[in-house]
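**Q** Dropping a structure here in structure tokens format, bear with me for questions.
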């Protein structure tokens, strides 16, 4: 029986394993001996969480886990989580943000020291404890060069590092034998963390980044070197984390912003990028987190995220944009999918369509009322004979002048012709395809003028309800995956056309 089986995590409870490093014995030689203990995360003793770049999966050091204690507790994902157990991974990844947030401190291992790292970190640390006392001017170039080299370390390239650093209360950076506190390290880059640094930060900025009198005499070379260093640091993931860590407690950034900022951060599994960033983004609400499930494939994960977003975590006017971003991160593309605007019969539809049409997916999206279309049946008898839309013939009045309304979904140019059901409620009956001609600008038009601007065809959105909700916001309720994907690919197609022009 494995050490994980003898220390099982209870499903449905916020439990974690904490690690104790045991004193080395004379016979253990290089073996690291440790023990596990289980705790409720909300009542756990003081512990420190490790943040590091994963190495090869094959162990290079043998670890022996026993069942007796020691005074220090650590949390290390590679050891404290059974990586071979998907259910346990799901459970612990769900808690990951809270694990690092609750840690007494996060210990970040940047790697072994190099030529400039020791000088850079020791000098920064010395200046942080000796007010207004700075090193020799000759060290400035070494520190600048060292900061750039540290920002280029592969530690910063892992996507989970973003979450670990962002939520941590206290961070200690380790590089070789050097240890430095996160605020001191971040302050060395004051030139970009604040437009108007004050106090010690202002002194820091002037000493480290302002050219000396001698450098001003040969301003060209010195200024170019300083600007080159600033550009390299400001574009680094390390600098992005200064900002994320500083802002996260008072302001949550959007999933889109975080995805753009950390687009170069790597991960073994595309889903990791989403799970790592989503948990620290504005979209996540305390009472409705996204449920992590590695047993789902990419497509299943995508639809689960779309459904989660539609439950209220993402605003109606951002849901398609969110879905497009997630689809890109999961490398999901339309492939040979044909939009219904480009086919004439259902036999031309893509094979995947017939699977998606059977899958329920409740998503409400914003829509916009474009025009009211009034059919004057008395004056247009020929039109009514070939009229492709269902008419309500319950009353003489409806026979004579039925009304239809044109709505645009999510401002995509996806126009639906809808008929009123009750006050503030309509149902879709057909699709209107824009002929790209000059459209009537009035809010109410005759059907004859409408036919000059649009073609009419059947649609998979038939039966979808448009309602006038809170704050007079118009929304359309989708019912299946095919409808949602039609709109997603419609948006991608629209963006592609815009980029070509």
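Numbering (the UniProt record's numbering), first residue to last: 1 to 501. Where is the CB? At the ideal position from N, CA and C, for every residue including glycine. Small disclaimer: the values here were computed from a predicted structure and weren't measured.
Distance check for residue 458 and residue 403, CA to CA, integer angstroms please.
**A** Between residue 403 and residue 458, the C-alpha separation is close to 18 Å.
**Q** Within its chain, find whatever has a CB closer than 8 Å to the CB of residue 264; leave out the 5 residues flanking it on each side and keep chain order.
**A** So the qualifying residues of the chain are 157, 237.
**Q** With a CB to CB cut of under 7 Å and the five nearest residues on each side skipped, what residues in its chain are close to residue 339?
**A** So the list reads 486, 489, 490, 493, once near-sequence residues are dropped.
**Q** Please name the residue, chosen from 361, 311, 301, that lies closest to residue 332 on a Cα-to-Cα basis.
**A** Considering only alpha carbons, the answer is 301.
**Q** Between the Cα of residue 232 and the Cα atoms of 294, 144, 308, which residue gives the shortest distance?
**A** Measuring from the Cα of residue 232, the nearest candidate turns out to be 144.
**Q** Got a sec, what are the start and stop residues for the beta strand (DSSP E) residue 108 sits in?
**A** Taken as a continuous stretch (DSSP letters only), the beta strand (DSSP E) holding residue 108 covers 105–111.
**Q** Could you check where the alpha helix (DSSP H) with residue 257 kicks off and where it finishes?
**A** Run containing residue 257: 255–261, per the alpha helix (DSSP H) assignment.
**Q** Pick out whichever of 447, 413, 315, 16 has its Cα sitting closest to the Cα of residue 42.
**A** Closest option to residue 42, Cα to Cα, is 16.
**Q** Which residue's Cα is closest to the Cα of residue 11: 295, 270, 92?
**A** Taking only the C-alpha atoms, the option nearest residue 11 is 92.
**Q** So residue 104 and residue 48 are supposed to be a Cβ contact under 8 Å. How far apart are they, rounded?
**A** Indeed, because the Cβ distance is near 6 Å, the residues count as touching under 8 Å.
**Q** Using three-state DSSP, classify residue 248 as helix, strand or coil.
**A** Of the three classes helix, strand and coil, the one that applies to residue 248 here is coil, per DSSP.
**Q** Could you give the first and the last residue of the continuous alpha helix (DSSP H) run that contains residue 282?
**A** Unbroken run through residue 282: none, as it is neither H nor E.
**Q** Look up residue 366 in the DSSP assignment and say whether it is helix, strand or coil.
**A** DSSP places residue 366 in strand when its eight states are reduced to three.
**Q** Out of 241, 77, 98, which has the shortest C-alpha to C-alpha gap to residue 89?
**A** Nearest of 241, 77, 98 to residue 89, Cα basis: 77.
**Q** Which residues share a DSSP beta bridge with residue 36?
**A** Paired residues: 19.
**Q** Can you give, in chain order, each stretch of the alpha helix (DSSP H) that sits fully within the region 303–376 and has at least 4 residues?
**A** Counting only runs of 4 or more, we get 319–329, 351–356.
**Q** Tell me residue 477's beta-bridge partners as DSSP assigns them.
**A** Residue 477 is bridged to 364, 465.
**Q** Assuming contact is defined by CB atoms lying nearer than 8 Å, are residue 329 and residue 273 in contact in what I supplied?
**A** Yes.
**Q** Let me confirm a value: residue 245 is counted as buried when at least 16 other C-beta atoms fall within 10 Å, else exposed. Which label applies?
**A** Buried: at least 16 other Cβ atoms inside 10 Å.
**Q** Quick check on residue 177: buried or exposed, where buried means 16 or more other Cβ atoms within 10 Å of its Cβ?
**A** Label assigned to residue 177: exposed.
**Q** Count the other CB atoms, across all protein chains shown, that sit within 10 Å of the CB of residue 170; report buried if there are 16 or more and exposed otherwise.
**A** Result: exposed.
**Q** What is the DSSP secondary structure of residue 187, counted as helix, strand or coil?
**A** Reduced to three states, the DSSP call for residue 187 is helix.
**Q** Which complete beta strand (DSSP E) runs does the region 413–447 hold, if anything under 3 residues is left out?
**A** Qualifying beta strand (DSSP E) stretches, in chain order: 414–422, 425–434, 444–446.
**Q** Starting from the Cα of residue 185, find the closest Cα among 335, 123, 235 and give me that residue.
**A** Cα-wise, what sits closest to residue 185 is 123.
**Q** Below 8 Å on the Cβ atoms is my contact criterion, and I expect residue 366 with residue 473 to pass it. Report the Cβ-Cβ distance as a whole number of Å.
**A** Their Cβ separation, rounded to whole angstroms, is 7 Å, which keeps residue 366 and residue 473 in contact under 8 Å.
**Q** Would you mind sorting residue 20 into buried or exposed? The rule is 16 or more other CB atoms within 10 Å of its CB.
**A** Buried is the call here.
**Q** Find the nearest neighbour of residue 356 within the set 479, 288, 106, judged by alpha-carbon distance.
**A** Considering only alpha carbons, the answer is 479.
**Q** Got a sec, what are the start and stop residues for the beta strand (DSSP E) residue 171 sits in?
**A** Unbroken beta strand (DSSP E) run through residue 171: 171–175.
**Q** How about residue 121: is its C-beta nearer than 8 Å to some C-beta of chain E?
**A** In the displayed structure, chain E is absent; only one protein chain is listed.
**Q** Going by the DSSP bridge assignment, what does residue 9 pair with across the sheet?
**A** DSSP output for residue 9 lists no bridge partner at all.
**Q** Quick check: residue 476 and residue 455, are their CB atoms within less than 8 Å of each other?
**A** No. Outside cutoff.
**Q** Quick check: the Cα distance between residue 100 and residue 469, rounded to an integer number of angstroms?
**A** Rounded to the nearest angstrom, the two C-alpha atoms are 40 Å apart.
**Q** Quick one: what's residue 75 bridged to in DSSP?
**A** Paired residue(s): 49.
**Q** Mapping the DSSP letters down to three states, classify residue 158 as helix, strand or coil.
**A** Residue 158 falls in the strand class under three-state DSSP.
**Q** Can you tell me whether residue 290 is helix, strand or coil according to DSSP?
**A** Residue 290: coil per DSSP, three-state reduction.
**Q** Out of curiosity, what's the CA-to-CA distance linking residue 9 and residue 38?
**A** Roughly 8 Å separates the two Cα atoms.
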